Structures are given as structure tokens and as C-alpha cells.
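Beneath this line is the structure, given in C-alpha cells, with notes to follow.
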Amino acid sequence: MPTRTFIDAIRETLAGEMRRDESVIVLGEDVGKKGGVFLATDGLWAEFGEERVIDTPLTESMIVGASIGAAVNGLRPVAEIQFADFIHPAFNQIVSEAARMRYRSNNGYGVPMTIRAPYGGGVHGALYHSQSVEAFFTHVPGLKVVIPSTPYDARGLLRASIRDDDPVLFFEHKKMYRSVRGEVPDTDYVIPLGKAAVTHPGSQVTVVAYGLMAHYALEAADRVAEDGISVEVIDLRTLRPLDRETVLDSVRKTGKCLIVYEDNKFGGYGAEVAAIVAEEAFDYLDGPVTRIAGPEVPGVPYNHVLEDWFMVDPEKIAEGIRKLAAY
Amino acid sequence: MAVTRGATALAASVGLTDADLVEMYRLVALARAVDERMWILNRAGRIPFVISGQGHEGAQVGIAMAFEKGHDWIAPFYRSIATCLTFGMSARDIMTAQYATASDPSSGGRQMPGHYGSREHNLVSVSSPVATQLLHAVGIALAAKIRKTGQVAMTSMGEGSSNQGDVHEGLNFAAIHKLPFVFVVENNGYAISVPAAMEVSVADVADRAAGYGIPGVVVDGVDVLGCYAAARDAVARARAGDGPTLIEAKVTRLTAHSSDDQQTKYRSEEELTSERERDPLPRFREQLRDGGVLTDEIEERIGAELKAAVDDATDYAEAEPDPDPATAMRYVYAVDPDEPALS
Chain X
1 MPTRTFIDAI
11 RETLAGEMRR
21 DESVIVLGED
31 VGKKGGVFLA
41 TDGLWAEFGE
51 ERVIDTPLTE
61 SMIVGASIGA
71 AVNGLRPVAE
81 IQFADFIHPA
91 FNQIVSEAAR
101 MRYRSNNGYG
111 VPMTIRAPYG
121 GGVHGALYHS
131 QSVEAFFTHV
141 PGLKVVIPST
151 PYDARGLLRA
161 SIRDDDPVLF
171 FEHKKMYRSV
181 RGEVPDTDYV
191 IPLGKAAVTH
201 PGSQVTVVAY
211 GLMAHYALEA
221 ADRVAEDGIS
231 VEVIDLRTLR
241 PLDRETVLDS
251 VRKTGKCLIV
261 YEDNKFGGYG
271 AEVAAIVAEE
281 AFDYLDGPVT
291 RIAGPEVPGV
301 PYNHVLEDWF
311 MVDPEKIAEG
321 IRKLAAY
Chain P
328 MAVTRGATAL
338 AASVGLTDAD
348 LVEMYRLVAL
358 ARAVDERMWI
368 LNRAGRIPFV
378 ISGQGHEGAQ
388 VGIAMAFEKG
398 HDWIAPFYRS
408 IATCLTFGMS
418 ARDIMTAQYA
428 TASDPSSGGR
438 QMPGHYGSRE
448 HNLVSVSSPV
458 ATQLLHAVGI
468 ALAAKIRKTG
478 QVAMTSMGEG
488 SSNQGDVHEG
498 LNFAAIHKLP
508 FVFVVENNGY
518 AISVPAAMEV
528 SVADVADRAA
538 GYGIPGVVVD
548 GVDVLGCYAA
558 ARDAVARARA
568 GDGPTLIEAK
578 VTRLTAHSSD
588 DQQTKYRSEE
598 ELTSERERDP
608 LPRFREQLRD
618 GGVLTDEIEE
628 RIGAELKAAV
638 DDATDYAEAE
648 PDPDPATAMR
658 YVYAVDPDEP
668 ALS
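Heads up: the protein sequence lines correspond to chains X and P, in order.
Okay, so the first sequence: first residue is 1 according to the numbering used here, each after it adds one.
Okay, so the second sequence: first residue is 328 according to the numbering used here, each after it adds one.
Here it is, written out as C-alpha cells:
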């Protein structure tokens, strides 16, 4: 089976969907001739032309707002926000408009639109090229939020997102673009949204993660295995809708739950997972539901020492696992 | 609209028939009659909230008549009652929105009154954050261009809303790509309580069109046929691939901002009295009578029809059931939440 980098899987999937369905268009900043600042859309402009691969002005609200309109009138836009950090000018269009269009029109209108954005730290991106923004959007009914961690999942989930009839935010950890490789079959497979994956079976501690942290959780699981701790790692893959059953089934088995996310801890996505576990698996718990997450500063600082201080890494996760296992 | 059979000189002057003008008059008068009934129902405690289009109806009907119903698109705003009626919604459709009934075609009783929309009639669902709809209309125009549908998209809003950043972002993009798009500003001189001089740095919002290299046209919103002619030209330009036009219609707001506003707090009696002179309904009626289009007989017939239509819409909406709370979880997503795929 061919292996691909994470970004190759994304680029090839975009091309494949554009070949498969002429209503799919791509728009965003520098997505055309340049092929995107990370080259996620490289080659699309040459193959599909400027009418379907549109270089936009620096106008994030327009990128999303016009995508909503285009979706209403028969297209399936895939909008790229150059960095997740710059999605905030489009917040109103995403939350007030895209998320509510179907509900407020009583199913008169839907918005089949995918918004792709690179997120995450660890790449010397500092405050404004490192943010994790998923919690702002997972809060909102009407949106779907996807964060893949492998090239295989990226392909299957991006296909599902583009083919979905509702707005999907598809966040890609930029550190994984070229550092993560994996097998990707050439078949037309789709991974349904809302299905988590158990990526490492175990019996003593459940670790819930997504994106880059899903990789770090696996590394941490290997480290603590040397201490005799058996960890079950769950890669959520889709954050909204959340696959509650996979998480709860695991916690009912292990009795212990650690949630890992890169964003700062307070009010982050992991808080919701923790609350659900506390509400629905309380009788099975044999220790406090715990989170390993970023510190309470308003952004990832630039200097590499400071950035390392900020980032959750495999050792920080391993420490959390050891502590919880010993509880 | 190109047919000129049965055209007086007045109708022929804008390339319409007498029947078209009578229909336009009916729509202006219908919008007014529905609107006036809404206020009565609000004051009688039957409906909780009214947001009104009184004073805007002439411009709305004139402009909307230039678009092709069921083909072109409009992203309206909360004062667009006459626009929506012109594009195919009925008095019942508007009135069920006031009562927020289950059968309200705009939202099934989910949205406040004024937030109209209809898939059937290519009217995009209205939200409350202002000017967001401009980008939707631009996106619709983009899709029309890519799909080669020949459609034109229009959006309308007040001059207060026109200051939002989305307007700049959207006009810039629409102009760059020469999208089939028409932007209508219904300038009634007020953003709730703040006069235009305090919210717009130029006398005419239309002046801003120059910044995008597109035509900016000012029309008197009392002049229904002038509004039609301006929109007809903008639609022709858009359909020919020559890009967007900004039309600013100077209208008046004959009512308070909404049923929760008291406009005498910020508008003088003198101003309110003089603004009544700018009511498009009597002006249009006089124009059509002077032009020999409207006769006593036609007026009488239309008057009776409108009264019946408004009574019917009110009785109908009064009797329609509320939405069932058991349906309130529906349509968050395309697939209902009780489907196993969604948690």
C-alpha cells in the first residue's frame, strides 16, 4: 500500500473530490498558483483552473460568507483559512450564519461547506500561527468539527466532510503536514464523521486525544508500558459530533480517564469530554478524570525554550498517566 | 417585462405595461396593508414584536420587479416585506411569521418576525447580525457565474448596516470578479436612533461604489418607476457579465425602528410630519392616476382584494398551531440527531 505524508493525503483528496464532483471549488488566500502557504492545494489551480481554485483577497469573513452563498446556490465550497489563528474575522459568518442556516430556515437551506485550517504549535509560529481554536466551534450546534491525525484518516474524513450536507470545520495540525507519514489506499473509502478510533488497546488508563496529541499519546503509552502500565488510547478524529460510546466503553473498562489537548486547559474541548465521563461513567471511575493541556497564557510564545514550556509533549502525558495509574 | 401592449406613455417610459404598473401598485399597497395590520395586532397584544417596512415599499417593489422571479436570488433584510411579496411570498406567509406558527414558511416559528426567507422563491433566510447577507448574495452570484446559470443575486440593507466590514469585503470581491450582483442600500436616514450624518462619512453611500470601480446610483425611493429603471439597468449590466452595481434608494422610515422603539425621543414632530410627504404609496397612486393607469374601478377592486387578503392572512395565522416542542431538535443537521451517527 502506498505511503503518503499527511499533507499529500489532503492535497490528493482535494484533487480527487474536485474530479469526482464538479460542484466542489476551493477558495482562500494563496491557494491558486502558489498552491497554499503549506502547499495543501498545490497543483489544483493548474488542473482545475482559476474558476474553481480561487485566490481571494485577505478577507476571511468574505471567504466564509461567500462560501455560504455558493453552497446555497449549488456548489460545495472548500474554503481554506490560511492559519486557524486568522479564522476569527469569520467567526460571525461561521457561528451566526453557517451553523444556524438550516435550523433557522426550518430545513429550507443547508450549507454544505468545508472550512480547512492549519492549527497548532510546535513549529515556531508564536502567538498568531500556533493557536488551537477548536473549542470556539465545538460549542456550536449546527457545526461539525474534525481533526484527523493520520494520512489515512485525513483522506477518509476529508472526503466525508466535503460530501457532508452541513458545515464542517476541518483542522489540520501543521506540524504533522510533513512529519507524519502513513499508508493510504487508493480506494474510495470514507470515514464517517462522529466515529473515534481506539489506536492502542489497553486496560488500566484511557487516554483521549486528537490531532498531534493523538501521536504524543501513543508515544506516552509506549513509555509507560515500560513501567507496566497498560494504556488505551482513543483518537477522537471528530470532535463534534463526539463518539461518546467509544470513550465511555473504554472508561467503563479501565476506570481511569486522562484527556489530552494542546489548547490551554480552562474551558477547552477536553473539559466537555471530562464532564461527559463524570456524568455518564461515574460509577466506573477509580480516579479523578484528569486533563493534560496547555498553560493559561493567551498564546504560544515564540522563543524555543518558551514554546517547549508551552507545548504538551509525550513526557508530560506519560507523567500524567503514571500519576493517574498510581491513584 | 419587455411586452409593451397596453402601455400608457407612463408605462412605456420604463418599458412596462399598464398591467405591470397596476401589479406594482398592488404590491406596494399590499405590503403597507399587511404592515399596518401587524402594528394593530402588536398593540392589541396578539403578536409580541413588529419590525416594519413602511416607507420602503416603493423602492422595494420597484427594484425587485426588475429581477426574474424564481430564477434570480435575493438576500433580503428585516424590512423587506415588500421585496418578499414581490418575489412570491404571500400575505399568509408574512403573517404566519408574525405569529411564529409551525406553518410559517420562513422559519417554522423559530425566528423573530422580519426574518423572512423562502427556498421556493430564492429568498435567502434573514438573520439578525446586519450585512452578513451581502456575502451570501456575493457567493450566490459566484456560484451563478461558475455554474453559468445566468442568475443575478441582489441584497438589500439600510445605510446603517452598509458600514459593516462585510460590505467592503464583499463589494471588493464582487467587483474583482465582475459577479452578477446588485447591492441595494435603502437609506432611510437612521440606524435605529443615529442619524445618517453620524454613521456615514459621505452624503451618499453610492459614492463608495467608486472605491470598488463599480457604478453607484442614487435614486429617489419615492419614485417607484425610477427605482425600477435603475434596477433594470443594474440587472442588465450584471447579466451581461459587466459586474455589480450599487443602488442607493433614499427612502423614509414612517414608523419607529421596531415596536420596542419610541422614535419621538430622537426625531422631532416637524421632521416626522414632513417625512410623511415622502410616503411612496400616495405618491405612486397619484402618479398612476395622473398617467391614466389607475382608475376608480381598479383602485376599488384592489382595495377590496387587499382587505380580504389581510383579513384572510390574519384569520389564517391566528388559527394556525404553534410549533410542537417535540420538533425543536429537528434540522440542526441534515440528518436528525436521533440518527445513530450523531451523538
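Using N, Cα and C, we set each Cβ at its ideal position, and we do this for glycine too.
Note that the structure is predicted; figures quoted are calculated from it, not measured.
Taking every protein chain shown into account, the CB of M1 of chain X has fewer than 16 other CB atoms within 10 angstroms, so this residue is exposed. Excluding residues up to 5 positions away in sequence, G543 lie with their Cβ nearer than 7 Å to the Cβ of A537 of chain P in the same chain. F266 of chain X is classed as exposed because its beta carbon has fewer than 16 other beta carbons within 10 Å across all chains shown. With its beta carbon less than 8 Å from one in chain X, A661 of chain P belongs to the interface.
Cα atoms of F137 of chain X and Y269 of chain X: separation of roughly 10 Å, rounded to the nearest angstrom. The bridge partners DSSP lists for N264 of chain X are X:G294.
In terms of CA proximity to D286 of chain X, X:R252 leads the group X:R252, X:Q82, X:R102, X:M101.
Closest by C-alpha distance to N73 of chain X, out of X:T41, X:A84, X:G110, X:N92, is X:G110. When DSSP reads this structure, F171 of chain X sits in a beta bridge with X:A117. Inside the stretch 236-287 of chain X, DSSP marks whole alpha helix (DSSP H) runs of 4 or more residues at positions 244-254, 269-280, from first to last along the chain. Against G487 of chain P, chain X offers no close residue; the least beta-carbon distance is about 17 Å (beta-carbon pairs closer than 8 Å). At a beta-carbon threshold of 8 Å, the residues of chain X lying near S445 of chain P are G108, ordered along the chain.
Interface criterion not met: the Cβ of I10 of chain X is under 8 Å from no Cβ in chain P. K475 of chain P carries a coil assignment under DSSP once its states are collapsed to helix, strand and coil. Residue nearest to L573 of chain P within the set P:S445, P:I473, P:L337, P:A480 is P:A480 (criterion: CA-CA distance). Look at the stretch 384-437 of chain P and you find these whole runs of alpha helix (DSSP H), each 4 residues long or longer: 384-391, 408-413, 418-426. Looking at the DSSP output, P301 of chain X shares a beta bridge with no other residue.
In the pairwise beta carbon analysis, the stretch 544-560 of chain P is classified as not touching the stretch 483-492 of chain P: fewer than three pairs are separated by under 8 Å. Per DSSP, S230 of chain X has no beta bridge partner at all. Between A393 of chain P and V562 of chain P, the C-beta spacing is below 8 Å. Apart from sequence neighbours up to five positions away, the residues of its chain that approach P112 of chain X with a beta-carbon distance below 6 Å are A71, R76, D165, ordered along the chain. A209 of chain X has X:D235 as its beta-bridge partners, per DSSP.
Using a 10 angstroms sphere on the CB of E50 of chain X, the tally of other CB atoms stays under 16, which defines it as exposed.
In the DSSP assignment, D347 of chain P falls within the alpha helix (DSSP H) that extends over 345-370. By the C-beta density criterion, D235 of chain X is buried, having at least 16 other C-beta atoms within 10 angstroms. For L75 of chain X, the nearest beta carbon of chain P is closer than 8 Å to its own beta carbon. Beta bridge pairing from DSSP links Y517 of chain P with P:P522. Counting only residues of its own chain and dropping the five nearest sequence neighbours on each side, F86 of chain X has a CB closer than 6 Å to the CB of E60. The Cβ of N490 of chain P sits no closer than 8 Å to any Cβ of chain X. Scanning chain P for C-beta atoms nearer than 8 Å to the C-beta of R100 of chain X yields S454, reported in chain order. Within chain X, the C-beta atoms nearer than 9 Å to that of W400 of chain P come from G69, V72, N73, in chain order. For E183 of chain X, the enclosing beta strand (DSSP E) begins and ends at 181-183.
At least one CB atom of chain X sits nearer than 8 Å to the CB of A471 of chain P. Only residues of its own chain outside the window of five on either side were considered, and among them G380, H383 have a CB closer than 6 Å to the CB of R406 of chain P, listed in chain order. Per the DSSP secondary-structure output, K577 of chain P pairs in a beta bridge with P:N514, P:D547.
Distance check between M422 of chain P and each of P:L469, P:A409, P:M365 places P:M365 closest, using alpha-carbon atoms only.
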